[in-house]
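S.K.:
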Amino acid sequence: MTSLFEYAPAPESRSIVTIAPSYGLFIDGEFVDGTGESFPTINPATEEVLTEVSAGSEADVDRAVRAARRAFEKTWGPMRPADRGKYLFRIARLLQERAREFAVLESLDNGKPIRESRDVDVPLAAAHFFYYAGWADKLEHVGLGTQPRPLGVAGQVIPWNFPLMMLAWKVAPALAAGNTVVLKPAETTPLTALLFAEICRQADLPAGVVNIVTGAGDTGRAVVEHADVDKVAFTGSTDVGRSIARAVAGTRKKLTLELGGKAANIVFDDAPIDQAVEGIVQGIFFNQGHVCCAGSRLLVQESIHDEVVASLQRRIGTLRVGDPLDKNTDIGAINSREQLERIRELSDIGEAEGAQRWQPAGELPERGFWFPPTVFTDVSSAHRIARDEVFGPVLSVLTFRTPDEAVAKANNSTYGLSAGIWSEKGSRILKIASHLRAGVVWANTFNKFDPTSPFGGYKQSGYGREGGRHGLAAYLTGADSK
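Quick note: the sequence shown uses full-length UniProt numbering, first residue 1, plus one each step.
Structure follows, in structure tokens:
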């Protein structure tokens, strides 16, 4: 997009990454051929086919679950907790040592800017393994009694927006608690999960402790519905989450769902405008808006609406959309053609319903999947762009006059994952936060994560928590439980 300055290209080299012509499944400590058909994974910035990946069948999933069960009963479950922690520490250090390789591969396969994969995704993934490695021999302090027990085999299905980070959010606490894992990565972004399988081998993790079965929806369904899976953890769309909840209902399986969101980012008239604008940009345009907790609804106090929107438009005009491997890029490629079509559809509906669309001037790359940062004004709570999760770089601006109106509009959503508050008054922040029906509330910041802090939502944003002690408890049962 247009900018006050001209930036010379600063591309990150692809040479550190070696992508094989094809990949199988990682089961019982080995890469094996899948029995399903292979499918391509592409670079969304160029539409280049990166490699072919095996689609796991029901038989492949069964083989992975049986390997995980053997490892749980014979190796990982009986192992001293301190020794399990040593493996997690080893994995964390290997993630750090191979951080550049993971960052480049993530940007190639996902489309996100290299600055984000390098500075956010990979460091946070390593931090989660370090954090839960420390918990491995302290499980009696989780809050489930003095002798909490692992659940057994965890079936985990992760999304395409943060492939490596979501893997870490799920695998690290499961292993620290003494469980074994069958993981199904998203079909459009399987490559960092397969590279993580190499990390498991490099760390000499016992065979069967982590199994990775690639594929699409049918593969994930086989993982969720397998009779010998004790725990299901899913991050993704609300519609799929509902299907999983129905499939698990009436079984002994424990379930954690982290689903969609439509977060309100509330700016009061006493907020520092420049700081708030940076937080608004970070809240909605980080990772191209492919964030479940994105601040996609901006609630601005009416008296400062024009000032905030004008400042926001100036700031958006400086954002650079383009090559994800260029270190100057702010907004990368949309992950898939399917997601791009959904963003376009909802944006067109927003305009048709009467909202005013604004986009900065500039040209997008000819190849690949791209959508410019977009702001809608004159939006009401009845508009679909204010109700539906767009999951793209699209911001809806609404106004409010009083704090009570701000809370009412923020809570007027079927989702309840996150929210943000911008004000110089700590008392106001605390009061408003206590009335917001959101699992995470940020104050004078947005989209900040830490492995020690629990994350999760209410209503159609799911249930259960990941991160912190709460995330560990999701993979344990108390000594007196049955």
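We put the beta carbon where it would ideally sit given N, CA and C, even for glycine.
1. Please list the segments of the beta strand (DSSP E) lying wholly inside the stretch 319-376, counting only runs of 3 or more residues, in order along the chain.
2. Just how far apart, CA to CA, sit GLU97 and LEU105?
3. Evaluate THR2 with the Cβ neighbour count: other Cβ atoms within 10 Å of its Cβ, from every protein chain shown; 16 or more gives buried, anything less gives exposed.
4. When you compare only the Cα positions, how much space is there between ILE212 and GLY464?
5. For GLY143, count neighbouring C-beta atoms within 10 Å of its own C-beta (all shown protein chains included) and say buried if the count is 16 or more, exposed if not.
6. Under a three-way DSSP split, which group does SER3 fall into?
7. Rounded to the nearest angstrom, how far is the Cβ of GLY220 from that of LYS184, given a contact under 8 Å?
8. For ASP388, tell me which candidate among GLY322, GLY295, ASN447 has the shortest Cα-Cα distance.
9. In the DSSP assignment, find the unbroken alpha helix (DSSP H) run with GLN301 in it and report its ends.
10. Specify the secondary structure class of ALA20 as computed by DSSP and reduced to three states.
11. When you compare the stretch 321-339 with the stretch 105-115, are there three or more beta-carbon pairs, one atom per stretch, that lie closer than 8 Å?
12. Look at the alpha carbon of GLY392 and the alpha carbon of LEU257, and state the distance between them as a whole number of angstroms.
13. Take TRP135 and list the residues in its own chain whose beta-carbon comes closer than 7 Å to its own, dropping the five residues that flank it on each side.
14. Helix, strand or coil: how does DSSP classify LYS482 here?
15. Across the stretch 76-88 and the stretch 295-313, are there enough close Cβ pairs to call them in contact, namely three or more that are closer than 8 Å?
16. What does PHE39 pair with, by DSSP beta-bridge criteria?
17. Grab me the residues of PRO468's own chain with a C-beta within less than 7 Å of its C-beta, minus the 5 sequence neighbours each way, in chain order.
18. Output the distance between the C-alpha atoms of VAL61 and GLY362, rounded to the nearest integer angstrom.
19. Given a cut-off of 7 Å, decide if PRO373 and ILE316 are closer than it, judged by their beta-carbon atoms.
20. Compute the Euclidean distance between the alpha carbons of GLY354 and ALA386, then round it to the nearest angstrom.
M.R.: Taking the geometry as given:
1. Counting only runs of 3 or more, we get 356-358.
2. Your numbering for residue 97 matches position 97 in the sequence shown. Your numbering for residue 105 matches position 105 in the sequence shown. Each residue's alpha carbon lies about 15 Å from the other.
3. The residue labelled residue 2 in the question sits at position 2 within the sequence shown. At THR2, the pLDDT of 48 sits below 50, so the modelled position is not reliable; the number obtained from the coordinates is stated separately. Classification of THR2: exposed, given that the 10 Å Cβ count is below 16.
4. Along the sequence shown, read from residue 1 onward, the residue named residue 212 stands at position 212. Along the sequence shown, read from residue 1 onward, the residue named residue 464 stands at position 464. Each residue's alpha carbon lies about 23 Å from the other.
5. The residue labelled residue 143 in the question sits at position 143 within the sequence shown. Per the 10 Å Cβ criterion, exposed.
6. Reading the sequence shown from its first residue, position 3 is the one you call residue 3. For SER3, the predicted structure reports a pLDDT of 49, less than 50, and the residue's modelled location is therefore unreliable. The matter cannot be settled from this model.
7. If you number the sequence shown from 1, residue 220 lands on position 220. If you number the sequence shown from 1, residue 184 lands on position 184. Yes, they are in contact, since the Cβ atoms of GLY220 and LYS184 sit about 5 Å apart, within 8 Å.
8. Within the sequence shown, the letter at position 388 stands for residue 388. When only C-alpha atoms are compared, the closest one is GLY295.
9. For this step, residue 301 is matched to residue 301 along the sequence shown. Careful: GLN301 lies outside any alpha helix (DSSP H), inside the beta strand (DSSP E) at 297-301.
10. Here residue 20 is taken as the residue at index 20 of the sequence shown, counted from 1. The answer is coil: DSSP assigns ALA20 none of H, G, I, E or B.
11. yes
12. Against the sequence shown, residue 392 aligns to sequence position 392. Against the sequence shown, residue 257 aligns to sequence position 257. Each residue's alpha carbon lies about 21 Å from the other.
13. As a first step, residue 135 must be located in the sequence shown, where it is residue number 135. Counting only Cβ-Cβ distances below 7 Å, and skipping sequence neighbours, we find ALA176, LEU472.
14. Mapped onto the sequence shown, residue 482 falls at position 482. Low per-residue confidence applies at LYS482: pLDDT is 39, beneath 50, and the placement is therefore not dependable, though the value from the model is reported in the following sentence. Three-state DSSP puts LYS482 in coil, outside helix and strand.
15. no
16. In the sequence shown, residue 39 corresponds to position 39, counting from 1. Note: PHE39 sits in a beta bridge opposite VAL53.
17. Numbered from its first residue, the sequence shown carries residue 468 at position 468. The residue you asked about is not Pro; residue 468 is Gly in the sequence shown. So the list reads THR452, SER453, PRO454, once near-sequence residues are dropped.
18. Against the sequence shown, residue 61 aligns to sequence position 61. Against the sequence shown, residue 362 aligns to sequence position 362. Approximately 47 Å, taken between the alpha carbons.
19. Within the sequence shown, the letter at position 316 stands for residue 316. Within the sequence shown, the letter at position 373 stands for residue 373. Between ILE316 and PRO373, the C-beta spacing is below 7 Å.
20. The residue given as residue 354 occupies position 354 in the sequence shown. The residue given as residue 386 occupies position 386 in the sequence shown. Distance between GLY354 and ALA386, taken at the CA atoms: about 12 Å.
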